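Numbering (our numbering), first residue to last: 3 to 143.
Since the structure comes first, as structure tokens, the remarks are kept for the end.
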């Protein structure tokens, strides 16, 4: 069994246990340098938090474990195909790789990306003339 297969099996085991507990069939494992840093399962139903996907729960736990917002050099192994929100979180945190065992087509749950669009509008208003990002740069600089 390859390393990837081993970590995917762990993610699938987490998902199976989550199903047994009444949750959804999603588990995720964050790995750095061949070592499991954190795990997560989908807790959307139990927490009433629509962002509590397995990958995000694992990212949150890994950030706490490493004491960093960055997860550079980490890989995520997920039972199911990560959604756009989870992929964005991986990108923001510096996760370098994701491997998953079940596709969205396997689940017959997700709509194609073209059908998942949301209108996004950029409206650059500055009510008092100040710039939030400039203020933040000076505060954190």
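Glycine included, every Cβ here is placed at the ideal spot set by N, Cα and C.
Just so you know, these numbers come straight off a predicted model, no measurement behind them.
- CA-CA distance, residue 96 and residue 53? 19 angstroms
- Message: If contacts are defined as beta-carbon pairs under 8 angstroms, then residue 104 and residue 31 qualify, I think. What distance do you get, rounded to the angstrom?
- Response: Contact flag wrong, Cβ pair sits at about 15 angstroms.
- Query: Smallest Cα separation from residue 38: which of 82, 63, 20 and 134?
  - Reply: 63
- Item | Own chain, CB closer than 6 angstroms to residue 67, minus 5 neighbours either side, in chain order | 39 and 40
- Message: Restricting to runs no shorter than 3 residues, where is the beta strand (DSSP E) found entirely within the stretch 75 to 108?
- Response: 76 to 82 and 99 to 104
- Buried/exposed call for residue 56, threshold 16 Cβ in 10 Å: buried
- Item | Residue span of the alpha helix (DSSP H) that contains residue 54, given as start and end | Segment: none, residue 54 is in no alpha helix (DSSP H) and carries neither H nor E.
- Spatial neighbours of residue 34 in its chain, beta-carbon cut-off 6 angstroms, leaving aside the 5 residues before and after: 75 and 76
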